[in-house]
Amino acid sequence: MFQGLAEKLQETFKKLKGKGKLTEADVNEAMREVRMALLEADVNFRVVKSFVAKVKERAVGQEVLESLSPGQHVVKIVHEEIIDLMGSVASKIQIASKPPTVILLVGLQGAGKTTHAAKLAVMLTKQGKRPLLAACDVYRPAAIKQLQVLGEQTKTPVFSVAERSPVEIAQASLAHANAQGLDVVILDTAGRLHINEELMDELRKIKAGVNPHEILLVVDAMTGQDAVNAAKAFHEQLGIDGVILTKLDGDTRGGAALSIKAVTQCPIKFAGVGEKLDALEAFHPDRIASRILGMGDVLTLIEKAQEAFDNKKAQEMERKLRKQEFTLDDFLEQMQQIKKMGSLSSILEMLPGVGKSLKDIKIDEKDTGYIEAIIRSMTPEERRKPAMIKDSRKKRISRGSGTSIQEVGRLLKQFEQFQKMMKQFAGSGGMGMLGKGKKGNKGKRPNLRFPFA
Amino acid sequence: MAGFFSQLKAGLTKTRQNFVQRVEELLTGRRKIDEELYEELEEVLIGADVGFKTSIELVNHLRQEVKARKISESDQLTGILTEKILEILGEEKPLFFSASGPSIFLVVGVNGVGKTTTIGKLAGRLKKDGKRIILAAGDTFRAAAIDQLEIWGERAGVEVIKQKEGADPAAVAYDAIHAAKSRNVDVVIMDTAGRLHNKVNLMEELRKVKRVIQREIPGAPHEVLLVLDATTGQNALQQAKMFKDVADVTGIILTKLDGTAKGGVVLGIQGEIKIPVKWIGIGEGVDDLRPFVPRDFAAALFDRPEEGIT
């Protein structure tokens, strides 16, 4: 569908093979492609301008890494700069020391505020919180009913009062939460245009009335150049704390994410990735970077692999995955490599034939530390044949790694599932380096959390 | 058709005070035609979501024309660009009504673009024109979507055919068509659930809805209207392609043009996929749906704010 930037630059730099240093002329040529890729991905043109200038400055005169082509090297720089611009992951809700924590959701019409109010409630409930949904959208027909239905579906209480202003409803919902012992209030508000002064003023009043701990701007990932105008206006008038990027399960390149971060400096905290009400994820800057650049491809895998470990090892890994000789030892080694390379999710996405099939798999990167500890507490033999690990071994490993027996069990179970899944891919021919992707088996997605979250 | 443009302008007045009307200024003839000017024009187009490729093509066309016509005054440039844009957009294309029996309009699009609202407004408008209308509540997925359509039905004074939440939308289509036939209705407007165009199952569901409509009335649906959010960027091209593929989209309704977004991506859509824009949405009121007027749209493209981001 899209030709990835990596490919395009490969073409641009064909004649440059073997050159040691990026000259200004090379970089200029590359930057034309970079600019186009970013604009096609809907990054705002002003943001593109300053971004390209920054990258250019960094790229000129750089030694091309031995294992990379000049094109790959430029992509690497661009990729790093995007991740850098997106900042570190901050997918947390500020929890108030004195409950209730108040979260105010704002945004344009149709961004997905009501749906994501419910998704947030599901997420917070899972974290042991007791959220309340407050229906402050008194304008859109059936908006309150929609929130009530979602409340029923997610077993979350919903607060609404008829014939009151949104400000009054918001304030009353706090009192209601206090009375009911609910510790988070999620305020759903009506969609509004950032240039509608009356309605923007209403939001300011709600803010003044309830002192929210988090004001989250809900933004459609498909938004184009105008994303900066809306985000800037909401931020200037309300001081937003973060962004929820919705509809990221579409095929948009999602350049709006970059634009919004650039103009507001606010972190994108969560991403909506599906119709289901648990389809809310932590936001991953590296994923959006690859997406904007159109890099979910083999080339990138090779390129990144070359960066961190040599070609032979990559091939060995692929062979092992395919032949199911992949042991916990290999897995541990991969983790070390991957740490150098970026995230697990991005490496998975780049595996030929795997990326698309694994779209729905959630990856919790903070768990990698535990996994490392657990595997390190195993004997070499155990790592090769995890099947031999029974109760007493589990107990020893859990003590050695400072984890629970359940966690050890979960890791083993999921590693087994992972191997099974790899078998599936191998069987369907999807793992072939030059395969055209997986055919058949459509809609059949392995329902597995990886790595072992 | 000064109506839409002046209203659009009026709506923006307050914001406009902060905006420098850069292009107008830029094109009052005081400026030299140079690379910098072309670049700025290119940015104006890209900033309006026209897209990189189409913007470059337009500006290249402009360069050629400037050369060919030996133009030296910069105030003629928007005129040339507008001509070209109008050529791409083509004539105004009204809705197609069936000569006999009910006309079936199927309304499709991704989530949150304003399908239900647009249907409410379209119903109000067609009713004013003296048509007998029923609405079909085909969004059986989203929570309270049926209630939302019913409220719009009440506002417009038209009947809504519905089933329970979770029902098969194809069955709703079937019911609505039979109701329309027996009640001598002129137009059935069918709502559908928002669906991202890359979700295979949901697109197949849409295909089925269309098939059922076709089976009941040969030649129907008479219009398949894709609702596009004007704030959407280049992904709108993908949306148009996929929906056309699955449902033979006959026209676009471009919503949310009352904000600061320009919806320039429809130029690329018209150029590449040949789906005309038929209506535009410029607000939440029942009267805020207007026929698409290419000339007004083109003029609004060059009417851009100064965001001042660095």
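As they're listed, the protein sequences go chains P and U.
233 is the number of the first residue of the first sequence in this note's numbering; add one for each residue after it.
12 is the number of the first residue of the second sequence in this note's numbering; add one for each residue after it.
All C-beta atoms, glycine included, are put in the ideal place defined by N, C-alpha and C.
- Spatial neighbours of U/V288 in its own chain (CB-CB distance under 6 Å, excluding positions within 5 residues in sequence) are listed in chain order as I263, L265, V277, F303.
- Within the segment 43-63 of chain U, contact with chain P at the beta-carbon level (separation under 8 Å) is assigned to E54, I57, G58, A59, D60, G62, F63.
- Between the segment 432-442 of chain P and the segment 323-333 of chain P, the count of Cβ pairs shorter than 8 Å is below three; the stretches do not touch.
- DSSP, read as helix, strand or coil, puts U/K126 in helix.
- Taken through DSSP and simplified to helix, strand or coil, U/R194 comes out as coil.
- For U/E46, the closest of U/A154, U/S85, U/G294, U/T151 by C-alpha to C-alpha distance is U/S85.
- Between U/I200 and U/K252, the gap from beta carbon to beta carbon reaches 8 Å or more.
- Flagged as an interface residue toward chain P: U/G123, by a C-beta distance shorter than 8 Å.
- For a Cβ distance threshold of 9 Å, residue set P373, A374 of chain P lies close to U/I162, ordered along the chain.
- For P/Q651, there are no neighbours in chain U by C-beta distance under 9 Å, as the nearest C-beta there is about 28 Å away.
- Partner residues in the beta bridge of U/S114, as assigned by DSSP, are U/V198.
- C-alpha of U/L248 to C-alpha of P/I637: approximately 52 Å in a straight line.
- Membership of U/D45 in any alpha helix (DSSP H) is not indicated, and neither H nor E is assigned to it by DSSP.
- Distance between U/I91 and U/G112, taken at the CA atoms: about 45 Å.
- Listed in chain order, the non-local C-beta contacts of U/P232 below 6 Å within the same chain comprise I115, L117, I224, local neighbours out to five positions each way being set aside.
- Within the same chain, and ignoring the five residues on either side of P/M263 in sequence, the residues whose Cβ sits closer than 6 Å to its Cβ are V284, K288.
- Membership of P/A367 in the beta strand (DSSP E) is indicated by the continuous run 363-368.
- Around the C-beta of U/G294, 16 or more other C-beta atoms lie within 10 Å, and the residue is accordingly described as buried.
- Collapsing the DSSP output to three states places P/R396 in coil.
- For P/I327 and P/H445, the gap between their C-alpha atoms comes out near 7 Å.
- Against chain U, the CB of P/Q378 has a partner CB under 8 Å away; the residue lies at that interface.
- Considering only P/G506, P/A503, P/L490, P/K501, the residue with the shortest C-alpha distance to P/A521 is P/L490.
- Linking U/G164 to P/N428 through their CA atoms gives a straight-line distance of about 26 Å.
- Assignment of P/G504 by DSSP, reduced to helix, strand and coil, places it in the strand class.
- Among the residues of chain P, those whose CB is under 7 Å from the CB of U/T243 are M454, T455, G456, following chain order.
- At a Cβ-Cβ threshold of 8 Å, P/D452 and P/K493 do not count as neighbours.
- When the beta-carbon positions are compared, U/V196 and U/R143 come within less than 8 Å of each other.
- For U/H189, the number of other beta carbons within 10 angstroms of its own is below 16, and it is reported as exposed.
- Out of U/R222, U/G205, U/D259, the CA that lies nearest to the CA of U/D240 is found in U/G205.
- Secondary structure at P/A514: strand, using DSSP grouped into helix, strand and coil.
- Inclusion of P/Q378 and P/T346 in the CB contact set at 8 Å is warranted, their separation being smaller than that value.
- For the pair P/N461 and P/G423, the Cα-to-Cα distance works out to about 15 Å.
- Taking U/A310 as reference, the option from U/I57, U/F63, U/T93 with the minimal CA-CA separation is U/T93.
- Identification of residues in the segment 268-299 of chain P having a C-beta nearer than 8 Å to some C-beta of chain U yields M268, L271, E272, A273, D274, N276, F277, R278, V279, S282, given in sequence order.
- Residues of chain P with a Cβ closer than 7 Å to the Cβ of U/Q249 are, in chain order, D483.
- Close to P/L382, with beta-carbon spacing below 7 Å, are these residues of chain U in chain order: A154.
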